[in-house]
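Novice: Take this structure, written in structure tokens, and hold onto it; I'll ask about it next.
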Amino acid sequence: KNIQDIRKESANAMLKIIEEPTRDNFFILISKRLNILSTIKSRSIIYRVRKSTPEELGVDKYVYNFFLGISNDIAEYKEQEIDLMLEKSYKSIAGVLKEYEKEKNIVVKIDLYKCLRNFVQESTSLKKYEKIKFAEDIYSNASKESINLIVDYIINLVKKNKNLKEKLEYKKMLRYPVNMKLLLINLLLSI
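For what it's worth, this note's numbering labels the leading residue of the sequence shown as 2, then goes sequentially.
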């Protein structure tokens with residue numbers, strides 16, 4: 002999974018295994034983009050998986066965009082009766098994240114998304130210290146995996162923003178050992 006994030010040394014080691022496989026062995030390499038070693042690409046069968054449309058998933062555009070088109074989340078949402086229009090204040094992010102870390106179910110994930118959406122909506126009227134507190138609440142209550150989810154969701158919410166290139170750099174930094182707290186603070190201050 003995420004083969005595009007592999008280091009060059011590891012990719013070369015993998016290439017040796019791919020070039021000389023044992024009998025009945027095969028590899029399934031999953032990638033969001035084809036930014037991988039060209040020699041690995043040349044020895045691969047590339048299969049592109051098309052993302053489902055809102056119509057295919059049986060939801061409207063708002064629900065589709067709320068879940069970033071992730072079909073598993075949309076399917077779980079459709080089983081529940083949850084109102085996506087009810088807002089949840091960004092100030093409740095700490096409690097929501099604590100609950101999300103305990104049980105990663107769709108109800109809590111929706112609350113998390115609502116907090117993030119509320120933050121982005123309110124961000125222009127927030128003071129710097131409020132944005133920093135929000136970043137610290139996220140950092141102190143979320144795992145690295147949850148922080149990745151949050152950064153990805155926030156960047157998707159502000160795609161039309163003029164500083165998109167800078168925000169995508171923050172997302173790219175998540176692959177490296179960086180100070181997560183500073184990354185979150187800088188990302189949220191830029192919104």
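We put the beta carbon where it would ideally sit given N, CA and C, even for glycine.
Could you tell me the alpha carbon to alpha carbon distance between residue 104 and residue 80, rounded to whole angstroms?
Specialist: Their Cα atoms are separated by approximately 17 Å.
Novice: Smallest Cα separation from residue 54: which of 48, 45, 64 and 46?
Specialist: Among 48, 45, 64 and 46, the Cα nearest to that of residue 54 belongs to 64.
Novice: Please name the residue in 192, 118, 107 and 94 whose C-alpha comes closest to that of residue 86.
Specialist: Closest by alpha carbon: 118.
Novice: Tell me the DSSP secondary structure of residue 86 in three-state form.
Specialist: Residue 86: coil per DSSP, three-state reduction.
Novice: Please classify residue 11 as buried or exposed, where buried requires at least 16 other C-beta atoms within 10 Å of its C-beta.
Specialist: It counts as exposed.
Novice: Is the beta carbon of residue 58 closer than 7 Å to that of residue 75?
Specialist: Cβ atoms of residue 75 and residue 58: closer than 7 Å.
Novice: Can you tell me which of 182, 70 and 134 puts its alpha carbon nearest to the alpha carbon of residue 51?
Specialist: Out of 182, 70 and 134, 70 has the C-alpha closest to the C-alpha of residue 51.
Novice: DSSP state of residue 55, grouped into three classes?
Specialist: Residue 55 falls in the helix class under three-state DSSP.
Novice: State the start and end residues of the unbroken alpha helix (DSSP H) segment that holds residue 108.
Specialist: Element bounds for residue 108: 107-123.
Novice: Is DSSP giving residue 68 helix, strand or coil here?
Specialist: The answer is coil: DSSP assigns residue 68 none of H, G, I, E or B.
Novice: Within this structure, are the beta carbons of residue 192 and residue 159 separated by less than 7 Å?
Specialist: Their beta carbons are under 7 Å apart, which means residue 192 touches residue 159 by this criterion.
Novice: So, is residue 14 buried or exposed, given that buried needs 16 or more other C-beta atoms within 10 angstroms?
Specialist: With fewer than 16 Cβ atoms within 10 Å of its Cβ, residue 14 is classed as exposed.
Novice: Short check: CB of residue 100 to CB of residue 109, under 7 Å?
Specialist: Yes.
Novice: Determine the contact status of residue 172 and residue 156, defining contact as a CB-CB distance below 7 Å.
Specialist: Result yes, Cβ atoms of residue 172 and residue 156 sit closer than 7 Å.
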